[in-house]
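A.B. asks: The working numbering applies: residue 10 is where the sequence shown begins, and numbers increase by one.
Here it is: the structure, laid out below.
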Amino acid sequence: MLTPALFESQSPFFNDHFFNSAWDHFFKDPEFFEGFHTDLIEKDQQYVLESELPGFNKEDISINLSNDILTISAEHKEESPEREKGKYLRRERSYRSYRRSFSVPGITPEEIDASYQNGILELKLPKKSAYEQEVKKIEVK
Numbered sequence: 010m011l012t013p014a015l016f017e018s019q020s021p022f023f024n025d026h027f028f029n030s031a032w033d034h035f036f037k038d039p040e041f042f043e044g045f046h047t048d049l050i051e052k053d054q055q056y057v058l059e060s061e062l063p064g065f066n067k068e069d070i071s072i073n074l075s076n077d078i079l080t081i082s083a084e085h086k087e088e089s090p091e092r093e094k095g096k097y098l099r100r101e102r103s104y105r106s107y108r109r110s111f112s113v114p115g116i117t118p119e120e121i122d123a124s125y126q127n128g129i130l131e132l133k134l135p136k137k138s139a140y141e142q143e144v145k146k147i148e149v150k
């Protein structure tokens, strides 16, 4: 199952419904969390991850996979002189940066497909079949 990497834990404390509910509210409050919103959908053969990244160009988006951790980064820098617009009294839109990581075990990295359209980044993450899952045998000494 895909999960935001921040939330993955083996501790029973972190799997508590009350605790998870509190964290869900914390990360949905824009005062505390300035990340981007993402939906994770499980289908028979793949997972689909849809992230809202409005106002970015596809060149602003970076996707990396390392050790079963998928990281999505988006960075936008607007480097424009004061030109004919006049003098800025306040400028809040010149730089934006977001980053989120997800634990994605059991997928086929070579077949990941990413597209970006109308402010929505969509990643299709094909599941490994049962026989493709890597099993490492540990020798008892």
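Each residue gets a CB set at the ideal place from its N, CA and C atoms; glycine is no exception.
For the candidate residues 49, 126, 61, whose alpha-carbon lies nearest to that of residue 108?
C.D. replies: Working through the sequence shown from its first residue, we reach residue 108 at position 99. Comparing Cα positions, the closest option is 61.
A.B. asks: Quick check on DSSP: helix, strand or coil for residue 53?
C.D. replies: Counted from its first residue, the sequence shown places residue 53 at position 44. DSSP places residue 53 in coil when its eight states are reduced to three.
A.B. asks: Report the three-state DSSP secondary structure of residue 135 (helix, strand or coil).
C.D. replies: The residue labelled residue 135 in the question sits at position 126 within the sequence shown. Here residue 135 sits in strand by DSSP.
A.B. asks: Rounded to a whole number of angstroms, what is the C-alpha to C-alpha distance between residue 70 and residue 126?
C.D. replies: Locating residue 70 in the sequence shown gives position 61, counting from the first residue. Locating residue 126 in the sequence shown gives position 117, counting from the first residue. So the alpha carbons of these two residues sit roughly 12 angstroms apart.
A.B. asks: With residue 102 as the anchor, note down where its beta strand (DSSP E) starts and where it stops.
C.D. replies: Working through the sequence shown from its first residue, we reach residue 102 at position 93. It is not in any beta strand (DSSP E) - residue 102 carries neither H nor E in the DSSP assignment.
A.B. asks: Taking all protein chains shown into account, do 16 or more other C-beta atoms lie within 10 angstroms of the C-beta of residue 147, making it buried, or fewer, making it exposed?
C.D. replies: Here residue 147 corresponds to residue number 138 of the sequence shown, with the count starting at 1. Exposed is the call here.
A.B. asks: Taking the beta strand (DSSP E) that residue 85 belongs to, which residues open and close that run?
C.D. replies: Here residue 85 refers to the residue found at position 76 when the sequence shown is read from its first residue. Taken as a continuous stretch (DSSP letters only), the beta strand (DSSP E) holding residue 85 covers 78 to 86.
A.B. asks: Alpha carbon to alpha carbon, what distance is there between residue 149 and residue 130?
C.D. replies: Here residue 130 refers to the residue found at position 121 when the sequence shown is read from its first residue. Here residue 149 refers to the residue found at position 140 when the sequence shown is read from its first residue. Distance between the alpha carbons of residue 130 and residue 149 is about 46 angstroms.
A.B. asks: Which one or two residues does DSSP pair with residue 47 in a beta bridge?
C.D. replies: For this step, residue 47 is matched to residue 38 along the sequence shown. DSSP lists 60 as partners of residue 47.
A.B. asks: Between the Cα of residue 79 and those of 112, 132, 119, spot the shortest distance and give me the residue it belongs to.
C.D. replies: Stepping through the sequence shown from its first residue, residue 79 is reached at position 70. Cα-wise, what sits closest to residue 79 is 112.
A.B. asks: Compute the beta-carbon to beta-carbon distance between residue 87 and residue 106, rounded to the nearest angstrom, for a pair I have assumed lies under 8 angstroms.
C.D. replies: As a first step, residue 87 is located in the sequence shown; it is residue number 78 there, counting from the start. As a first step, residue 106 is located in the sequence shown; it is residue number 97 there, counting from the start. Between residue 106 and residue 87 the Cβ distance is about 12 angstroms, and since that is not below 8 angstroms, they are no contact.
A.B. asks: Is residue 125 a contact residue of the ligand PLP, with contact defined as CB to any heavy atom under 7 angstroms?
C.D. replies: Inclusion of the ligand PLP in the displayed structure is not the case, the ligand content being empty and no account of it being possible.
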